[in-house]
Amino acid sequence: MKRMMADQAMVRKLASCETMGSATTICTDKTGTLTLNQMKVTKFFLGQEAMKDEKASPAVCSDVLELFYQGVGLNTTGSVYAPASGIPEISGSPTEKALLSWAVSDLGMDMEELKRSCTLLHVEAFNSEKKRSGISLKKRDSNVVHVHWKGAVEMILAMCSSYYGSTGATQVMGDVERIKLEKIIKEMADQSLRCIAFAYGQFQEEELENHGDKAGQKLKKNGLTLLGLVGLKDPCRPGVRNAVEACKNAGVSIKMITGDNIFTARAIAIECGILDPNDLNLNNGAVVEGVEFRNYTAEERMKKVDMISVMARSSPFDKLLMVQCLKQKGQVVAVTGDGTNDAPALKEADVGLSMGIQGTEVAKESSDIVILDDNFATVVTVLKWGRCVYTNIQKFIQFQLTVNIAALVINFIAAASAGQVPLTAVQLLWVNLIMDTLGALALATDRPTEELMKKPPVGRKQPLITNIMWRNLIAQALYQILVLLILQFKGKVIFGVNENVKDTLIFNTFVLCQVFNEFNARKLEKKNVFEGVLQNKLFLGIIGVTIVLQVIMVEFLKKFADTERLNWGQWGACIGIAIISWPIGWVVKCIPVPEKPVFDLLKRRSS
Numbered sequence: 120m121k122r123m124m125a126d127q128a129m130v131r132k133l134a135s136c137e138t139m140g141s142a143t144t145i146c147t148d149k150t151g152t153l154t155l156n157q158m159k160v161t162k163f164f165l166g167q168e169a170m171k172d173e174k175a176s177p178a179v180c181s182d183v184l185e186l187f188y189q190g191v192g193l194n195t196t197g198s199v200y201a202p203a204s205g206i207p208e209i210s211g212s213p214t215e216k217a218l219l220s221w222a223v224s225d226l227g228m229d230m231e232e233l234k235r236s237c238t239l240l241h242v243e244a245f246n247s248e249k250k251r252s253g254i255s256l257k258k259r260d261s262n263v264v265h266v267h268w269k270g271a272v273e274m275i276l277a278m279c280s281s282y283y284g285s286t287g288a289t290q291v292m293g294d295v296e297r298i299k300l301e302k303i304i305k306e307m308a309d310q311s312l313r314c315i316a317f318a319y320g321q322f323q324e325e326e327l328e329n330h331g332d333k334a335g336q337k338l339k340k341n342g343l344t345l346l347g348l349v350g351l352k353d354p355c356r357p358g359v360r361n362a363v364e365a366c367k368n369a370g371v372s373i374k375m376i377t378g379d380n381i382f383t384a385r386a387i388a389i390e391c392g393i394l395d396p397n398d399l400n401l402n403n404g405a406v407v408e409g410v411e412f413r414n415y416t417a418e419e420r421m422k423k424v425d426m427i428s429v430m431a432r433s434s435p436f437d438k439l440l441m442v443q444c445l446k447q448k449g450q451v452v453a454v455t456g457d458g459t460n461d462a463p464a465l466k467e468a469d470v471g472l473s474m475g476i477q478g479t480e481v482a483k484e485s486s487d488i489v490i491l492d493d494n495f496a497t498v499v500t501v502l503k504w505g506r507c508v509y510t511n512i513q514k515f516i517q518f519q520l521t522v523n524i525a526a527l528v529i530n531f532i533a534a535a536s537a538g539q540v541p542l543t544a545v546q547l548l549w550v551n552l553i554m555d556t557l558g559a560l561a562l563a564t565d566r567p568t569e570e571l572m573k574k575p576p577v578g579r580k581q582p583l584i585t586n587i588m589w590r591n592l593i594a595q596a597l598y599q600i601l602v603l604l605i606l607q608f609k610g611k612v613i614f615g616v617n618e619n620v621k622d623t624l625i626f627n628t629f630v631l632c633q634v635f636n637e638f639n640a641r642k643l644e645k646k647n648v649f650e651g652v653l654q655n656k657l658f659l660g661i662i663g664v665t666i667v668l669q670v671i672m673v674e675f676l677k678k679f680a681d682t683e684r685l686n687w688g689q690w691g692a693c694i695g696i697a698i699i700s701w702p703i704g705w706v707v708k709c710i711p712v713p714e715k716p717v718f719d720l721l722k723r724r725s726s
């Protein structure tokens, strides 16, 4: 866990690390995870006219500019602190900071003057379902109520019947004008820009009172005028494309779930490598909107969920719905989230990954692993560590089963035939001590390698003990049983020794077989078991300690261990017998095994 912490991943639940190694699908947010979360205004349209270089204040009518000050500076959850000297300090969400910074630096907005000249009447906060926020305000010494809306372009555009030109004149928004604006929005989205629209309306106080709204508490939602369109660029994180590619090579599906519109989401997914622009399925269900996914029947969702790579304009409920569908299809699902509303999806997922920087405390408490740097590349690192932990568990299980099967069979056959066992209780306790404790340390300390990301995911239904493991452990166990039974029944004749020395030879050979077999257990499939062994100092140290302790046990603890001292020739024979496990391991790994679990094949034959 300390090593994962150094890799910017804090594991809150230990079991989740192993589960992550079996993940088949990762559902990820976009903002701050795939992108840098450092937004900047790069496009500004006033009506249908683009304002060059976004420094639009000289080209915009003063009345329209003042309305922009109100719409950006007051309809916000951010804040601006302007010291007497120096650069203004802006706080808030990345989107709010980008808009306020643009308004202050490029439009020349004076936040203090704006607050002095206007009085807020009502605020409608942004929410993930409506994707808009609004305010009503009055200027000092005026009875006119100003209503401002800001939010997703399709939501705001539907509320407008006219738009402002750069001269300050309003123009009717007919079907032709609406199509032109939608084309502008699509062009911005195709450039991976998040498009924010601003709308405005003004009403006389008497008009609102006639409708029962004396204090401007009911914000008008129709007949408004479009103020302008702003495009924000949030660059993809460096290395995110390589991280996505690594997941694809590992057989893990990536699904991006975002609140952006469908065109922006598609462009960013292509930029990150989640979507292939040449993919024939790109326009055939790979990209959907949250409301579309939500309105599918249960059967349609189950049929289409695997094909979906991007879900745009989604809500936290849509994310939860997708996780539930994927789990029902047998997928092992990991989900990233940073908001309080993401808590249900984080809990529902097999592995919940919260963000350490932007994530709320509720999200962190609901998650299994916290990504400390909010970077998708770290999610891939966690996946790699998860596979490493899973593989290390398999290594130890294979090694431990070999030890136990060999010891059980040898003692059982010896007891049944001769009435006594070659391995005493103390010796078996010693074997279990060094093989359980030291063996676990030796085999569980390998670091993740790139080879782990070239294998397909294990999935939910695959057995922990694979056919490859059965092949390896049966071969080694059979060899040990055969050799030790020969020593049991012919050892005295072969070596010309008494019963006690023969039993010591069996004990010593058995332990040394496990020592050499630890090298075989390092690689479940690869023939070269020595690859990278010099990099794992702890493994070599444990092997050395085990051998030293075994020498002490045999040569110096005669009464305690019930052993006899062995001469150099006998030690050489024990080592020679044990070292044969290396070539046996190499030969056995040349034998192919069926892909389907062996017990499934046996069940089919029996049925």
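Whatever position you read off the sequence shown (first residue = 1), add 119 for my numbering. For glycine and all other residues, C-beta sits at the position ideal for the given N, C-alpha and C.
Beta-carbon proximity list for residue i, same chain, < 7 Å, skipping 5 on both sides
{"i": "S247", "result": "G378, S434, P435, N460"}
{"i": "M572", "result": "A365, N368, A369, K503"}
{"i": "T74", "result": "Past the edges of the chain, shown from 120 to 726, lies residue 74, and the structure says nothing about it."}
{"i": "I698", "result": "F635"}
{"i": "A388", "result": "M375, L394, S428, V429"}
For residue i, the residue or residues it bridges with in DSSP
{"i": "M274", "result": "Its beta-bridge partners do not exist; DSSP assigns none."}
{"i": "T682", "result": "According to DSSP, T682 bridges with nothing at all."}
{"i": "V452", "result": "T144"}
{"i": "R251", "result": "G270"}
{"i": "M430", "result": "I376, V407"}
{"i": "M474", "result": "I490"}
{"i": "L153", "result": "Answer by DSSP bridge pairing: none, since L153 is not bridged."}
{"i": "A169", "result": "F164"}
{"i": "A128", "result": "I490"}
{"i": "F322", "result": "V264"}
Other residues of its chain near residue i: CB distance less than 6 Å, five sequence neighbours each side excluded
{"i": "L218", "result": "V191"}
{"i": "A496", "result": "G358, A362"}
{"i": "K611", "result": "K621"}
{"i": "Q127", "result": "L491, D492, T497"}
{"i": "Y598", "result": "I703"}
{"i": "M230", "result": "G192, V199"}
{"i": "K305", "result": "F382"}
Closer than 7 Å: residue i CB and nearest the ligand MG heavy atom
{"i": "P702", "result": "As for the ligand MG, it is missing from this structure, which has no ligand bound."}
Residue burial classification, residue i (beta-carbon count within 10 angstroms, cutoff 16)
{"i": "R356", "result": "buried"}
{"i": "F317", "result": "buried"}
{"i": "R432", "result": "buried"}
{"i": "D353", "result": "buried"}
{"i": "R385", "result": "buried"}
{"i": "R420", "result": "buried"}
{"i": "R251", "result": "buried"}
{"i": "R684", "result": "exposed"}
{"i": "Y200", "result": "exposed"}
{"i": "F675", "result": "exposed"}
{"i": "L700", "result": "The question names Leu, but residue 700 in the sequence shown is Ser. S700 is buried by the Cβ-count criterion."}
{"i": "Q581", "result": "exposed"}
{"i": "L239", "result": "exposed"}
{"i": "T143", "result": "buried"}
{"i": "K339", "result": "buried"}
{"i": "L552", "result": "exposed"}
{"i": "I209", "result": "buried"}
{"i": "W221", "result": "buried"}
{"i": "W549", "result": "buried"}
{"i": "W268", "result": "buried"}
{"i": "I254", "result": "buried"}
{"i": "K645", "result": "exposed"}
{"i": "E215", "result": "buried"}
{"i": "P713", "result": "exposed"}
{"i": "H123", "result": "Looking at the sequence shown, residue 123 is not His but Met. Buried, since its Cβ has 16 or more Cβ neighbours within 10 Å."}
Nonlocal neighbours in the same chain, by C-beta distance under 8 Å from residue i, ignoring five residues either side
{"i": "S212", "result": "T196, G197"}
Counting only runs of 4+ residues fully inside the region 576–631, write out the alpha helix (DSSP H) ranges in chain order. 586–614
Please go through the region 182–246 and give each complete beta strand (DSSP E) segment of 3 or more residues, from N-terminal end onward. 198–200, 208–210, 237–243
Uninterrupted alpha helix (DSSP H) stretches inside the region 259–319 (no shorter than 4 residues): 272–276, 294–309
At least three beta-carbon pairs within less than 8 Å, the region 475–492 to the region 448–462: yes
Runs of alpha helix (DSSP H) wholly within the region 333–378 (minimum 4 residues, chain order): 359–368
For the region 648–679, which segments carrying the alpha helix (DSSP H) assignment without a break, of at least 4 residues, lie completely within its bounds, in sequence order? 656–674
Determine, using beta-carbon pairs with one atom in the region 281–295 and one in the region 307–314, whether at least three such pairs fall under 8 Å. no
Quick test of the definition: if touching needs 3 or more C-beta pairs under 8 Å, does the region 515–526 touch the region 627–637? yes
Would the region 496–507 count as touching the region 566–577 if we require 3 or more Cβ pairs under 8 Å? yes
Does the region 462–476 come close enough to the region 134–141 that 3 or more CB-CB pairs lie under 8 Å? yes
Any contact between the region 285–295 and the region 258–273? By contact I mean 3 or more CB pairs, one from each, below 8 Å. no
Ignoring anything shorter than 4 residues or poking outside the region 496–581, list the alpha helix (DSSP H) runs there in chain order. 544–551, 558–562
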